[in-house]
Each structure stands twice: as C-alpha cells, then as structure tokens.
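Numbering (this note's numbering), first residue to last: 725 to 832.
We put the beta carbon where it would ideally sit given N, CA and C, even for glycine.
Working notes, beginning with the structure itself.
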C-alpha cells in the first residue's frame, strides 16, 4: 500500500487521481468486453468472418493504446493538459476545414 508520506511519482498520482472514476471506467471496460464476447460470435457468423471473436480482438486491440493514453495523460499536470488541449484543438480545426477541400463528396 502507498502511504501519503511517499513522494514517488506513482504515489503522487495515486493520491491525486479520482479512484472512484477510475474504478468505474475500468468496470465499464470489462462490461464492454464481456458484452463483445457474447455478441461477437453470432455477428461474425452472419457476416461470414472465420474468427468468431474477431470483434473482441479488435476491441481489445484498440483498448490497449486507449488505456495507455488515458494513464499517460492522467500523469500530466493541469497546466500541461491545457497547453496540449489548445494544440490538439487547433490541429482538429485545421483537419476539419481540410475535409471541405480534400474530402470527397458523397450523396450530396
């Protein structure tokens, strides 16, 4: 167990992170994987996919980097997060307007 007197990076993170929200998030992740385990075989059979757990594998494949990014950003300071958010927002705006020029016209 980590004490409050411990000043390592992991200990500082543990005492500042919202543990209830973190636990709830991981509970939702586990529920989502269980639901994918239940729903994936019939859908894969209907679509003619050989692997019955194709959709579970894809879900977990995308889940691993998402959890890594979430944990990485939880270690950042609020000031750093604000700075990164501004840059990400500006990049997203540029990409959004780029779709008007670059993107193909579909049914319109």
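Item: Residue of 739, 758, 770 and 802 minimising C-alpha distance to residue 781; Value: 758
Item: Three CB pairs or more closer than 8 Å across the stretch 738 to 755 and the stretch 765 to 785; Value: no
Item: N-terminal and C-terminal residue of the alpha helix (DSSP H) that residue 758 is part of; Value: 743 to 771
Item: Residue range of the unbroken alpha helix (DSSP H) whose run includes residue 823; Value: 802 to 826
Item: Rounded straight-line distance, which links the Cα of residue 831 to that of residue 799; Value: 44 Å
Item: Straight-line gap, residue 795 to residue 738 (C-alpha atoms, nearest Å); Value: 11 Å
Item: 8 Å Cβ shell around residue 783 - same chain, five flanking residues per side excluded; Value: 756, 757 and 760
Item: Residue 797 vs residue 805 beta-carbon contact at 9 Å; Value: yes
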